[in-house]
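Chains as they are written, first to last, in this note's numbering: chain L, 1 to 165; chain Z, 1 to 408; chain U, 1 to 495.
Idealized CB from N, CA, C, for every residue including glycine.
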């Protein structure tokens with residue numbers, strides 16, 4: 001097995017292991033901290049694939065922004081232990097569904113022939129991403145900024161205290 | 001690092017059969033080890049000594065002076081003391097997180113050194129995304145601090161942790177926006193690339209490139225201080241309010257790790273502003289021909305520039321009072337962020353209008369800065385002289401404060 | 001076509017974006033001067049929506065069929081048709097909001113109109129998206145704004161609950177969708193629909209299983225947008241909890257935009273080379289049939305026992321999504337035409353029904369069925385009559401527009417040989433008659449009781465309702481006019 005493949009499986013194991021920690025932890029704060037492992041694993045996989053800029057941005061946005069906000073939200077609420085409020089939805093039926101779907105997925109994914117790119121030598125990606133944002137992908141880029149503006153306004157509408165007029 | 005290894009291979013220092021990547025990796029690890037154990041740890045320790053000496057001077061007292069010459073070995077004594085102390089874990093703490101937190105902080109802090117240049121080819125890894133990486137790994141420190149704050153199961157710790165995280169996350173924005181003009185000017189995110197875009201002479205530095213970068217430099221420095229939890233932004237560990245903030249419950253080695261990260265971070269701040277704005281390790285090439293003295297000289301000039309800003313940070317800490325939480329947030333969001341935006345846009349416009357830059361503006365700005373420095377130095381000298389005079393008079397009569405007061 | 005050239009075909013979106021900024025700036029200016037509860041943000045929003053429609057109508061006459069913005073969007077008759085329809089939905093929603101007690105004079109009213117316009121913009125983008133990236137982005141945009149609009153009633157627990165449920169369902173559905181999209185990209189190596197179609201033509205047999213799985217996952221996202229079973233569960237709560245203008249906008253606008261995406265993806269991306277089942281050799285027809293039958297049946301059966309008008313209309317809208325899905329399952333141009341026609345008619349009658357519900361809620365403060373008792377005999381004869389027209393049309397009685405719509409959908413199904421599915425659809429229409437007629441009976445045949453206060457309506461409120469009921473009647477007879485419009489719009493540009 002080439003070194004990169006071994007590294008990939010290692011990173012994938014870290015990512016998935018942490019993700020399982022997030023999903024199955026009963027302490028929501030542990031889940032939040034386990035999320036850090038997932039984010040770091042994904043960032044490392046990006047770097048492994050030669051997307052260094054994307055990897056660092058993943059670290060920057062997800063660990064530095066989203067994870068910290070999640071931790072804030074969790075720490076500012078009182079209850080840390082997750083209570084299962086709906087007993088009807090147990091773990092066993094969920095496990096069965098997940099098992100069936102996962103088996104199906106793995107079977108078809110292994111059978112399928114995926115398109116493969118030709119890996120080139122590692123190169124700096126930053127300038128290419130910048131050009132693409134203002135070239136081919138200018139519309140998604142601009143729309144994303146409108147989406148973020150709307151989300152910002154929406155968040156303020158939902159959360160701000162009523163000002164006595 | 002790569003070029004250093006290349007030259008070593010060329011000179012035959014590396015065994016021939018070795019694959020090149022093993023050589024690179026080995027060199028990186030060796031140099032990384034050297035950086036951590038021979039540089040970061042002592043630098044963090046020595047900075048504590050510097051800080052206490054400077055604080056002593058500023059507060060008209062002596063500071064540590066017993067251990068070694070002028071108390072220099074105080075930091076070692078303190079370090080040994082901390083290591084030998086009992087590592088107390090509060091019984092109500094969340095033990096795994098409590099124990100993990102200092103390491104997370106330390107990881108984030110040490111990881112930053114991967115891209116910090118030291119002079120010439122000395123850098124652990126000159127990443128393409130260098131400066132972005134450096135701002136991104138700060139995130140680990142934030143997570144570690146939140147972890148420590150929560151796991152201690154202590155109100156002061158939690159408040160300190162949350163304050164610290166809020167502060168770091170907020171001040172990352174003006175800091176990032178102040179880094180952008182430099183990235184635009186240099187056209188690269190790599191630390192060595194940014195230094196390579198500047199020269200040894202002050203008028204070739206980014207800080208004097210145009211009026212916008214001049215302000216961006218100060219915004220970056222202020223934001224970096226806030227991110228490093230330094231006074232006047234040391235609310236997370238405000239002694240008078242929160243005991244010691246997120247580190248309240250920590251003792252022994254774990255406590256030491258937090259403080260190592262904090263003091264070491266001061267050097268990172270200095271190195272970053274030096275790299276981005278102050279020409280990094282650039283020296284006039286004529287000064288040294290042979291690689292060894294050249295690298296030594298480059299290291300010296302870089303260290304001097306970087307440590308100057310460490311000194312300024314220490315200075316500010318003992319001169320300025322702490323600001324309030326709301327003032328800190330207002331300063332960030334209502335002043336620094338908009339000004340940083342103006343700097344960013346202004347630099348972009350400047351680059352379009354004057355693609356080659358304006359030498360006159362560069363020279364003018366550097367002269368202005370030099371003038372300000374001279375004026376400041378004169379003031380300092382004046383006050384020092386007066387203080388010396390006063391002390392002489394005081395030494396005659398310890399109770400003669402009235403006379404000093406009357407001198408105004 | 002590059003970005004600057006594309007702008008010529010991008011008028012409605014540009015106008016809406018300008019309107020969003022204008023409303024935002026105006027609201028900021030008003031707040032800074034201490035003026036609250038101004039009606040100007042709403043009026044500017046109304047003007048913006050009207051201008052967007054004007055711009056879209058002008059584009060109707062442009063014969064060009066083009067890729068826009070480097071294969072992100074397409075410009076064709078189909079997208080322009082939907083842009084007009086969605087613009088009209090937005091205009092109606094803004095107009096309703098201006099007369100709604102739940103919205104007018106509330107805190108954050110300016111932001112409400114900003115978000116409403118943003119939601120409209122997102123839906124216009126959804127209608128034109130021909131690239132997985134744009135499809136996901138615009139769908140997420142529409143969802144995000146919808147969540148906030150649903151939870152706009154700050155002191156109403158139902159509203160908050162609805163927004164939360166909507167958010168959670170939406171998160172799961174769009175997560176499944178983007179995962180499916182990643183599989184499609186992995187299999188075909190392309191993100192724009194024409195490239196996907198080309199990639200599918202070259203799929204080998206072992207890859208079909210993975211491809212089918214990807215389609216199922218993508219359908220989760222689209223199905224959530226159009227509220228089809230089994231992704232319908234958010235709809236009743238959201239329709240009940242949201243302010244009525246938002247409910248109406250979600251019921252007609254969000255559904256239409258979802259169908260636009262669904263049709264474009266399956267007729268352009270997946271099935272451009274011919275009938276979908278034949279080309280891809282995956283059991284898509286069976287899956288579609290199942291979804292369609294389940295959606296119709298579940299929607300109608302659940303609507304039978306509803307006491308709240310908004311909830312009743314929510315289940316009815318699920319059932320109508322089922323009828324429209326029948327046109328989708330046909331997987332042919334005739335089906336697209338039927339869906340377009342059906343959605344247009346559905347727009348008119350469902351919007352009208354919600355409008356009357358809002359007027360009555362404004363007058364009585366209630367939305368449940370008992371407050372409709374004897375409505376016709378206590379001052380509400382005209383709204384009651386209009387509501388009766390809309391409900392009969394929704395049930396599909398001739399000679400109303402709803403009948404023609406169903407006729408075309410079922411006709412397309414019969415042509416394709418989906419007899420069983422059409423039978424299910426007709427049976428469902430019969431079932432639906434029960435609960436629609438129940439409302440009409442409550443309004444006309446039940447005697448008002450002493451505690452039922454008389455209601456009054458302003459003339460301008462009745463004008464819009466009158467307009468919509470007239471349209472329902474006219475389109476029931478002069479459907480050939482709409483059919484001609486739909487005929488030109490149904491041909492989807494295929495690269």
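How big is the Cα-Cα spacing for residue i and residue j?
i             : j             : result
residue 248/Z : residue 158/Z : 10 Å
residue 25/L  : residue 19/L  : 10 Å
residue 217/U : residue 230/U : 12 Å
residue 398/U : residue 389/U : 11 Å
residue 155/L : residue 146/U : 12 Å
residue 174/Z : residue 337/U : 54 Å
residue 243/U : residue 214/Z : 52 Å
residue 116/Z : residue 78/Z  : 27 Å
residue 149/L : residue 122/U : 13 Å
residue 162/U : residue 312/U : 16 Å
residue 210/Z : residue 282/Z : 20 Å
residue 343/Z : residue 107/L : 55 Å
residue 101/Z : residue 149/Z : 9 Å
residue 101/L : residue 215/U : 14 Å
residue 73/L  : residue 145/Z : 15 Å
residue 313/Z : residue 297/Z : 25 Å
residue 258/Z : residue 37/L  : 21 Å
residue 208/U : residue 270/U : 12 Å
residue 119/Z : residue 339/Z : 32 Å
residue 200/U : residue 191/U : 12 Å
residue 171/Z : residue 25/U  : 27 Å
residue 7/L   : residue 186/Z : 34 Å
residue 322/Z : residue 93/L  : 57 Å
Under the assumption that residue i contacts residue j (Cβ atoms under 8 Å), give the Cβ distance between them as a whole number of angstroms.
i             : j             : result
residue 182/Z : residue 195/Z : About 11 Å; that fails the 8 Å criterion.
residue 473/U : residue 440/U : Rounded, the Cβ-Cβ distance is 16 Å, inconsistent with contact.
residue 468/U : residue 352/U : 4 Å
residue 193/U : residue 141/U : So it is not a contact: roughly 19 Å between Cβ atoms.
Would residue i and residue j be called neighbours here (beta carbons separated by less than 8 Å)?
i             : j             : result
residue 132/L : residue 71/L  : no
residue 192/Z : residue 269/Z : no
residue 252/U : residue 341/U : no
residue 349/U : residue 412/U : no
residue 40/Z  : residue 110/Z : yes
residue 376/U : residue 317/U : no
residue 44/U  : residue 114/U : no
residue 50/L  : residue 122/L : yes
residue 248/U : residue 354/U : yes
residue 432/U : residue 235/U : no
residue 116/U : residue 135/U : no
residue 238/U : residue 150/U : yes
residue 98/U  : residue 42/U  : yes
residue 295/U : residue 257/U : no
residue 37/U  : residue 105/U : yes
residue 84/Z  : residue 151/Z : no
residue 263/Z : residue 67/Z  : no
residue 168/Z : residue 138/Z : yes
Among all the DSSP beta bridges, which residues are the ones paired with residue i?
i             : result
residue 119/Z : 122/Z
residue 75/U  : 66/U
residue 192/U : 131/U
residue 308/U : 368/U
Please indicate yes or no: does the CB of residue i lie closer than 7 Å to some heavy atom of the ligand NAD?
i            : result
residue 60/U : In the structure on display, the ligand NAD does not appear, and there are no ligands present to speak of.
Contained alpha helix (DSSP H) runs [length at least 4] in the segment 203-274 of chain Z, N- to C-terminal order:
211-227, 239-242
Could I get the ranges of all uninterrupted beta strand (DSSP E) runs contained in the segment 281-360 of chain U, with 3 residues as the minimum, in chain order?
none
Which complete alpha helix (DSSP H) runs does the segment 285-344 of chain Z hold, if anything under 4 residues is left out?
291-319, 325-330
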